[in-house]
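Written out below as structure tokens is the structure these notes cover.
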Amino acid sequence: MVAAWGMLEADLHLSVIIPMYNESARVIPTLEDAVLWLHEAPWTSEIVLVDDGSKDATVERVTPKLFEKPIGALQRVRLVRHERNRGKGAAVRTGLAEAEGGWRLMMDADNSTRVSEVVRLLAEAERSGAGLVCGSRNVADSDVVTRPSRKLMGSAFRMALKGLGMGMLRDTQCGFKLYRADVAAAIAEIAREDRFAFDLEHLLIADRLGVGVREVGISWTHRDGGTIRPVRDGLRMLRDAARIRMRYARGLPPVMVEVKPMRRVEKSPAERVG
Ligand SMILES: Nc1nc2c(ncn2[C@@H]2O[C@H](COP(=O)(O)OP(=O)(O)O)[C@@H](O)[C@H]2O)c(=O)[nH]1
Ligand SMILES: [Mg+2]
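In my numbering, the protein residues as written are 1 to 274.
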């Protein structure tokens with residue numbers, strides 16, 4: 001079972017957002033894994049499935065899951081639909097806005113990273129006081145199974161991003177990120193990027209809001225059947241990155257929701273010395 005940790009656990013309600021586009025072949029095992037794990041978690045949760053206008057049987061496949069009786073700490077599984085395909089960025093924004101949890105996790109429908117990894121992100125949120133904690137495939141304690149070609153593309157993309165002054169993290173694109181409710185609401189309100197560069201915009205907004213952004217290693221396994229084409233989409237994303245940087249060059253637009261600054265964390269005596 002999951003180890004208990006202080007503050008966050010006390011009244012934590014976790015939303016798990018899963019964006020789906022033509023995922024009829026991959027989402028059911030992911031959903032079943034998430035349901036099983038969440039129902040035994042030490043805090044309550046909901047799953048928010050966002051269908052982005054799938055043309056396959058995604059909606060038909062997940063529908064029976066919406067009517068299963070909630071078990072344990074998992075209170076419900078919901079489905080939100082876009083009539084037409086708008087892109088992963090748009091789907092995640094819809095999920096972040098619809099979710100009701102104090103913390104809101106976005107994860108991929110192919111279970112590249114299992115929901116159980118959220119404990120590492122929550123622990124980091126607790127430790128650091130940050131409002132956005134990102135899973136990372138490129139830090140010391142990451143545990144990644146992938147193809148050499150994907151790795152190479154990742155490194156090239158990262159270097160190019162750095163050149164653009166947007167290399168905020170060692171892995172900006174990981175589909176496993178945890179947002180505090182206020183940060184999620186602000187991002188859902190401000191962000192405009194509908195396609196795969198949306199992560200960069202979220203990171204930039206969170207950074208400018210001063211809520212604290214951290215990255216932590218997660219376990220990630222490459223799954224076939226994905227829609228991203230590394231070269232074409234990598235190049236598009238770099239173009240989008242430049243546009244995002246321009247968009248906020250003069251600061252953020254006014255935000256309607258109240259955003260808390262980064263929480264100050266009491267340092268342990270050992271950390272305080274020296
Ligand atoms: N909403 C939405 N989600 C998408 C789209 N394309 C991919 N996704 C989702 O993004 C996640 C990761 O996609 P995937 O194809 O596995 O990417 P890869 O692992 O990086 O190749 C999955 O949950 C997909 O369903 C899209 O056009 N719209
Ligand atoms: Mg994938």
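Glycine included, each C-beta is placed from N, C-alpha and C at the ideal position. Values in this document were obtained by computation on a predicted structure and should not be read as measured data.
Asked: CB-CB length for Arg195 against Asp110, believed under 8 Å; Found: Their Cβ separation, rounded to whole angstroms, is 18 Å, which puts Arg195 and Asp110 out of contact at 8 Å.
Asked: Assigned secondary structure, Ser149 (DSSP; H/G/I helix, E/B strand, else coil); Found: helix
Asked: At least 3 beta-carbon pairs within less than 8 Å: the stretch 100-108 vs the stretch 72-86; Found: no
Asked: Lys69 beta carbon near ligand 1 (any heavy atom closer than 7 Å); Found: no
Asked: CB contact flag (Arg208, Leu164, <8 Å); Found: no
Asked: Inter-residue spacing [alpha-carbon to alpha-carbon] between Met1 and Ala34; Found: Its pLDDT being 42, under 50, Met1 is placed unreliably by the model, and the measurement read from it follows with that caveat. About 14 Å.
Asked: Residues near Asn22 in its chain [Cβ-Cβ closer than 8 Å; skip 5 each side]; Found: Ser54, Lys55, Asp56, Thr58 and Thr227
Asked: Ile244 (DSSP reduced to helix, strand or coil); Found: helix
Asked: Which listed residue (Val48, Ala91 and Glu32) has its alpha carbon closest to that of Arg76; Found: Val48
Asked: Bounding residues of the beta strand (DSSP E) (the contiguous stretch that carries Ile47); Found: Thr44 to Asp52
Asked: Reference Gly212, options Ala241, Arg180 and Leu79, closest by Cα; Found: Arg180
Asked: DSSP bridge partner residues for Phe176 (one or two, in chain order); Found: Met107
Asked: Per DSSP, the bridge partner or partners of Met168; Found: DSSP output for Met168 lists no bridge partner at all.
Asked: Contained beta strand (DSSP E) runs [length at least 3] in the stretch 175-262, N- to C-terminal order; Found: 176-180, 213-217 and 219-221
Asked: Distance, Pro19 Cα to Lys65 Cα; Found: 16 Å
Asked: Contact test: Asp108 Cβ vs ligand 1 heavy atom, cutoff 7 Å; Found: yes
Asked: Cβ of Leu105 within 8 Å of any chain B Cβ; Found: This model lacks chain B altogether, as it is built from one protein chain only.
Asked: Residues near Asp199 in its chain [Cβ-Cβ closer than 6 Å; skip 5 each side]; Found: Thr172 and Gln173
Asked: Rounded separation between Asp141 and Val255 - CA only; Found: 35 Å
Asked: With 16 other Cβ atoms within 10 Å as the buried cut-off, status of Ala249; Found: exposed
Asked: Beta carbon of Ile190 nearer than 8 Å to that of Leu96; Found: no
Asked: Distance between Asp108 and Thr94 (C-alpha atoms, nearest Å); Found: 15 Å
Asked: Heavy atom of ligand 2 within 7 Å of Ser219 beta-carbon; Found: no
Asked: Euclidean distance between Cα positions of Ser24 and Ser45; Found: 24 Å
Asked: Backbone secondary structure at Ser128 - three-state DSSP; Found: helix
Asked: Closest Cα partner of Ala41 within the set Val50, Glu60, Pro29 and Val16; Found: Val16
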